[in-house]
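The numbering of the sequence shown is our numbering, which starts it at 758 and goes up by one. The C-beta atom is built at its ideal place from N, Cα and C for all residues, glycine as well.
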Amino acid sequence: MCGIVAYLGNQPAQPILIEGLKRLEYRGYDSAGVGLINDHTLNITKSSGRISVLESMLAKPNPVEILGIGHTRWATHGEPNTINAHPHLDYTGKIALAHNGIIENYTALKTFLIGKGCTFQSQTDTEVIANLIGYLYSNPDGKDCPHENLNRFEWAVQHALNELVGTYGLALVCTDFPDMLIGAKKGSPLILGLGKNEYIIASDAAAIVQHTTQVIYLSDNEMVTITPKGFSTKTIDNIEIHKEMKQLEFSLDAIELDGFGHFMLKEICEQPKALTTCLGGRLDMRDNRIILGGISNYWREITRAKRIIINACGTAWHAGLIGEFLIEQLARINTETQYASEFRYRNPIIEDNTIIIAISQSGETADTLAAVEQAKERGALTLGIVNVVGSTIARTTDTGVYLRVGPEIGVASTKAFTAQVAVLAMLAIELGRRRHLGSEQAKFYIDELSKIPSKIEQVLALSEDIKKIAEATCERENWLFLGRGFNYPVALEGALKLKEISYIHAEGLPAAEMKHGPIALINNGMPAVFIATRCSQYEKIIGNIEEVRARGGRTIVVANQGDENIKQYADFLIPVPEVPEELQPMVTVVPLQILAYHAAVLRGHDVDKPRNLAKSVTVE
Ligand code: M6R
């Protein structure tokens, strides 16, 4: 969703902001802008559409403009046009800000400010923040700034933030303080990068890593004031705080295309390596145990769980559903998977010995975070399965396991999904081991887990064959994805992948549900993707394939290598290596990722920037 980059240093800010905004493009946006301070004036340039449009509107970088703020906007309040793009100026023209998040009480504040004579240009909630700060800055009710450690700009920011209901990541400048940059955070991520005589504030480490790997993560209700002399951190209640410096754990290479046409393809192809890193050092082949350092102090509590609730959204929810099946099967603990967006509003029942698992690639998804916060308030132990190190969910959960797959830039989640399933499989094996799963059974699953990366490698080699299937089918506008057991969530995930990047309508279903309604959709030549690997329900799914073929559906079947029997049922066959059924999703999902990728490219879509979508959904 929206992205923030702000810079104060010793170089012209403009190219640094533009480069930073390009690094944030993957998050999804519809307009962009930059504001640069030149002595006591502010130069703001904004446009709807791509960063390249904004770039073409900018003059040559000015060496004296060493302070600036930039933003990519994903519209929530007000259409995606130039006026609504950020930075927003206050009515006095002195204060400019870039904002991520949503201000819930903006209507009341706007009414108040209009009553005080403030004027508004945009339809956004953000302009209310600018005008509130501007109003307080210009009219502090006759009082001077009451705190010795604050100047009037900082005071107005603090005072305004205390009036806001909602979420914000903010970067702010004021023409009266031409060498001061302020950042503030509540519910929306904000990171301060500490370079050599330069500082970058950004909502995502991807915009920082080119300049420095030393960062400070702001927490909620905190702000930072930066000048050429250094920086200070405080709460928005004006309590000085010391923040620990952290090291970013990824390099620039991880966010470059590295010769691939798209990040999605790069990340699909990275899966063997990513899973090897995810599993690395965690499979104890000698004692047939799993080592998950992050949660080692919590095993006692987790093992005693009477109920596990998994919370997640989108692809992470699909991984969660597989986790539910795995934990129930291997550890025999009652587990359920909930959409975080529903769970948070359901007044959920959380009794003693309930564990909440939150799954999130970004670690910033607003609904998943809210579900974690609610579960914590109700006394549950919360465990995060997160990719982005230091993200809000990683820091909010009591304990957790990192995916360790490096940055995922493609909006369509791929390598994070397979790693989420791998982590859930490890969790289920070790939980089982601590309850009733025998050493030999554990050994079997651990051995098989260790072979998954090489099996995915075999599937990647099928890319050209899968492309031919996409060529033959991608003009069709309606698809079905069907699977049973552990492959049912894979069907859901396959349908989501196709929908989000190729804009084809696709429905994922447990194959047996088809007869209860969706079978009516099948008409001549409708593509139906079946995941029909050898598993406990193999015969049943063959029956489902026949039902579709009898009605004229065209079948694309993911089956096991060497399965001669299935050939007669498949218009198109994708042979994948055999894997025990509990671990199959990590392998069977890969051809579906590749199929969706090729279909989207063939239909001429920008795979990494699908329309209307954002990489991490930081608003409700
Ligand atoms: O960052 P998260 O894993 O919390 O994101 C959850 C979903 O928004 C995400 O998986 C989304 O569904 C993907 N675009 C799917 O490819």
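The way I'd put it, the segment 1027-1044 does touch the segment 1171-1180; three or more beta-carbon pairs between them come closer than 8 angstroms. R1291 is positioned such that its CB atom lies no closer than 8 angstroms to that of P1267. With 16 or more other Cβ atoms inside 10 Å of its own Cβ, I859 counts as buried. Taking 8 angstroms as the cut-off, the Cβ atoms of A1179 and L1087 do not count as close. Here DSSP, grouped into helix, strand and coil, assigns R780 to helix. Beta-bridge analysis with DSSP links T1094 to I1067.
Per DSSP, the beta bridge partners of I761 are H828. Here the alpha carbons of N800 and E776 stand approximately 18 angstroms from one another. Annotation for Y848: C875, T876, N888, G891 place their beta carbon closer than 6 angstroms to its own, counting only its chain and skipping 5 residues before and after. Spanning the alpha carbons of V821 and I957 requires a straight line of approximately 17 angstroms. Every unbroken stretch of the alpha helix (DSSP H) spanning 4 or more residues and falling wholly within the segment 863-918 is given here in chain order: 863-872, 883-895, 909-918.
Residues of the same chain with a CB within less than 7 angstroms of the CB of N1280, apart from the 5 flanking positions on each side, are G1309 in chain order. In the pairwise beta carbon analysis, the segment 1151-1164 is classified as touching the segment 1033-1041: at least three pairs are separated by under 8 angstroms. Scanning C759, M758, N795, D787 for the CA closest to the CA of Q771 turns up N795. About 6 angstroms separates the CB atoms of V930 and L938; that is less than 8 angstroms, so the two are in contact.
A Cβ-Cβ distance of about 7 angstroms is found for the pair K1256 and H1262, placing them in contact under the 8 angstroms criterion. Residue range 1196-1217 is occupied by the alpha helix (DSSP H) that includes F1201. T1153 has its Cβ no nearer than 7 angstroms to any heavy atom of the ligand M6R. Between the alpha carbons of V1364 and N995 lies a distance of about 45 angstroms.
For V972, the secondary structure class from DSSP, reduced to helix, strand or coil, is strand. Just so you know, the alpha carbons of L1181 and I1084 end up roughly 8 angstroms apart. For V1247, there is no enclosing beta strand (DSSP E); the residue is found in the alpha helix (DSSP H) stretching over 1245-1259. Apart from the 5 residues on each side of it in sequence, L1188 sits with its Cβ closer than 6 angstroms to the Cβ of A1088 in its chain, given in chain order.
Set against 7 angstroms, the gap from the CB of C759 to the closest heavy atom of the ligand M6R is not smaller.
Residue burial is scored here from C-beta neighbours: V810 has fewer than 16 other C-beta atoms within 10 angstroms and is therefore classed as exposed.
In the structure shown, S804 adopts extended strand secondary structure according to DSSP, grouped into three states.
The ligand M6R has no heavy atom closer than 7 angstroms to the beta-carbon of L1160. With the rule of 3 Cβ pairs closer than 8 angstroms, the segment 1217-1227 counts as touching the segment 1346-1353.
E1264 and I973 have their C-alpha atoms spaced approximately 43 angstroms apart. Only buried fits E955, as 16 or more other CB atoms lie within 10 angstroms of its CB. Its Cα nearest to that of V1247, the residue V1286 stands out among R780, G1016, V1286. About 7 angstroms separates the beta carbons of P1342 and N1244, which is inside the 8 angstroms limit, making them a contact pair. The beta carbons of I1079 and G1120 sit no closer together than 8 angstroms.
Counted as a single uninterrupted DSSP element, the stretch harbouring T1171 is not any beta strand (DSSP E), since DSSP gives it neither H nor E. Apart from sequence neighbours up to five positions away, the residues of its chain that approach K1212 with a beta-carbon distance below 7 angstroms are P1334, V1336, V1344, ordered along the chain. For A1011, the CB contacts under 8 angstroms within the same chain, skipping 5 residues up- and downstream, are G1163, P1164 in chain order.
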